[in-house]
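Before any comments, here is the structure.
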DNA sequence: TAAAGTTCTTCCGTTGAGCGGAAGGGGGGC
DNA sequence: GCCCCCCTTCCGCTCAACGGAAGAACTTTA
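Chains as they are written, first to last, in the UniProt record's numbering: chain A, 1 to 248; chain B, 1 to 248.
Pasting the structure below:
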């Protein structure tokens, strides 16, 4: 596989994740499968550049330089900033957990999250990924994804709770309705006790993100939540389409 | 200089900054001084891994994977999250531009920023760096920095406005007062029309960050602002010292 | 429409940078 | 003391990275 120097260096960075925020040299060597001496050299270079930093205890963590670079990513500087005020409004009026997510490959990537005080069992975190077929934002993004992506996702509908939709035909039907009605819902398909609604966020004609919220129960207030979401989504779209948000 | 493969790959990432968020292949080759063919190969690898992404127009931007990694940096997951609620409170009670910053090498690195509606000419941005001797947070961080850092910074007190302190002796005296009184101030030393106050944020005994605010004028309300800042700083310190903030 | 100028991509023979096994610290637990 | 684990350094071999050059794709100029 990855035999190039660059890919090895990147693999070292990739060894860090939400559960492994700080790793010792040997941890890194083990997780990447690199010989210790090699890992040592690469880690040294990454450290010298500022991609990695050392904790007082000697373990390595992601460095500030990477954090800084991350702030330049379009997902951060464009979409996120455009959406920020609308998310706050939305949270203010509904007090539910609000999410902004994009599609990344075959998964949903959470870009922003405002957590409600009344906490519902929510799995997502900013920067984390979840399967598309079991989340509200995922269904929206899947509904508007290229045919090939949809086809591939439909092949692997892994079961997560007892309510997860795992039959391709049934999910396809749901996606059709998402396109027709403009919103997606889930009921305890990702975690028990959590339902969700989501709507697409457009930039011009294309769906670039999904905006969703998680609540304990949908029945009663669905129309109100959908319209609140749509108002916010339109606001974000307008900001995105506006004069060069991306660059300021 | 940088002759290793890794450092070249990192240099490519380093070519991106606040003013250059998207670059073409030739831009990258030029900015890094690499031969086009070499840049092409490295960029290809970075792209394949997700460190770089391609815009519709073919230019490269920082990819989502880097953004995700950045979220794992301690500056983001520990300090920033601990401080967030206090910053919001602080902003709510004062309506001034609020800053959280750390020292990175010989400069101030802005970690978080809440912008006031009544905008004062503020230069900082999250992820950007400014010189230490001309900012409130910078003076605080400098006052508590290791002797060697202070010595080096004092050698290069570049003038920015007519009010910037450029005499080492005068700055040293100010730093002494910062330590004695627990807060630092600036008056139009970084940009005209902007004054600032800042206080240290501690984790245990060591100063890990500085909390500051920028206002058009300090005279009248200084005591009130200082005490508001100190309350917030103590709150952050308590959260940092508390049970494992860093890991949740 | 051709010509001249961009920028991007692919090819391939040469060579020195990266490789990694091995050996040498350092510390802390028993 | 001894053992074990983790980190760091060394060094000769080899193969991956290098980059000049040629050509493809696309744009601008004449």
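Using N, Cα and C, we set each Cβ at its ideal position, and we do this for glycine too.
Residue interval of the alpha helix (DSSP H) (run including residue i)
i	result
residue 196 of chain A	Run containing residue 196 of chain A: none in the alpha helix (DSSP H); it sits in the beta strand (DSSP E), 195 to 203.
residue 52 of chain B	Per DSSP, residue 52 of chain B belongs to no alpha helix (DSSP H); it is in the beta strand (DSSP E), 52 to 54.
residue 154 of chain A	147 to 155
residue 18 of chain A	Taken as a continuous stretch (DSSP letters only), residue 18 of chain A belongs to no alpha helix (DSSP H), as it is neither H nor E.
residue 236 of chain B	222 to 241
residue 38 of chain A	36 to 49
residue 174 of chain B	168 to 181
residue 136 of chain B	136 to 143
Residues sharing a beta bridge with residue i, DSSP
i	result
residue 109 of chain A	A/102, A/129
residue 60 of chain A	A/23, A/54
residue 97 of chain B	B/214
residue 114 of chain B	B/98
Beta-carbon gap between residue i and residue j smaller than 7 Å
i	j	result
residue 87 of chain A	residue 108 of chain A	no
residue 199 of chain B	residue 143 of chain B	no
residue 196 of chain A	residue 214 of chain A	yes
residue 11 of chain A	residue 64 of chain B	no
residue 136 of chain A	residue 18 of chain A	no
residue 163 of chain B	residue 181 of chain B	no
residue 71 of chain B	residue 127 of chain A	yes
residue 96 of chain A	residue 111 of chain A	no
residue 185 of chain A	residue 82 of chain A	no
residue 68 of chain B	residue 67 of chain A	no
residue 98 of chain B	residue 210 of chain B	no
residue 183 of chain A	residue 231 of chain A	no
residue 178 of chain A	residue 106 of chain A	no
residue 166 of chain A	residue 159 of chain A	yes
residue 55 of chain B	residue 24 of chain B	no
residue 39 of chain B	residue 29 of chain B	yes
Within chain B, the residues that residue i reaches when beta carbons sit closer than 7 Å
i	result
residue 51 of chain A	10
Option nearest residue i by Cα separation, candidates the options
i	options	result
residue 5 of chain B	A/204, A/126, A/42	A/42
residue 44 of chain A	A/61, A/157, A/173	A/61
residue 161 of chain B	B/133, B/148, B/154, B/152	B/133
residue 237 of chain B	B/35, B/28, B/110, B/79	B/79
residue 113 of chain A	A/125, A/106, A/192	A/125
residue 172 of chain A	A/193, A/145, A/187	A/145
residue 229 of chain B	B/48, B/25, B/89	B/89
residue 51 of chain A	B/223, B/9, B/167	B/9
residue 176 of chain A	A/193, A/201, A/147	A/147
residue 22 of chain B	B/85, B/57, B/138	B/57
residue 3 of chain A	A/27, A/221, A/33, A/20	A/33
residue 205 of chain B	B/218, B/241, B/49	B/241
Span of the beta strand (DSSP E) around residue i
i	result
residue 208 of chain B	206 to 215
residue 260 of chain A	Only positions 1 to 248 of chain A appear in this structure, which leaves residue 260 of chain A out of reach.
Within chain A, the residues that residue i reaches when beta carbons sit closer than 7 Å
i	result
residue 4 of chain B	45
residue 69 of chain B	13, 16, 62, 66, 70
residue 249 of chain B	Coverage of chain B is limited to positions 1 through 248, which leaves residue 249 of chain B absent and any answer about it impossible.
residue 74 of chain B	61
residue 21 of chain B	72, 77
residue 109 of chain B	64
Under 8 Å by beta carbon: chain B residues contacting residue i
i	result
residue 209 of chain A	Result: empty, since nearest Cβ-Cβ is about 12 Å, beyond 8 Å.
residue 104 of chain A	64
residue 127 of chain A	67, 68, 71, 72
Proximal chain B residues relative to residue i, where beta-carbon distance stays under 9 Å
i	result
residue 42 of chain A	6
Contacts that residue i makes with chain A (C-beta to C-beta distance below 8 Å)
i	result
residue 130 of chain B	Those within 8 Å of residue 130 of chain B in chain A number zero; the least Cβ separation is about 13 Å.
Under 9 Å by beta carbon: chain A residues contacting residue i
i	result
residue 114 of chain B	Under the 9 Å cutoff, chain A gives no residues; its nearest Cβ is about 11 Å from residue 114 of chain B.
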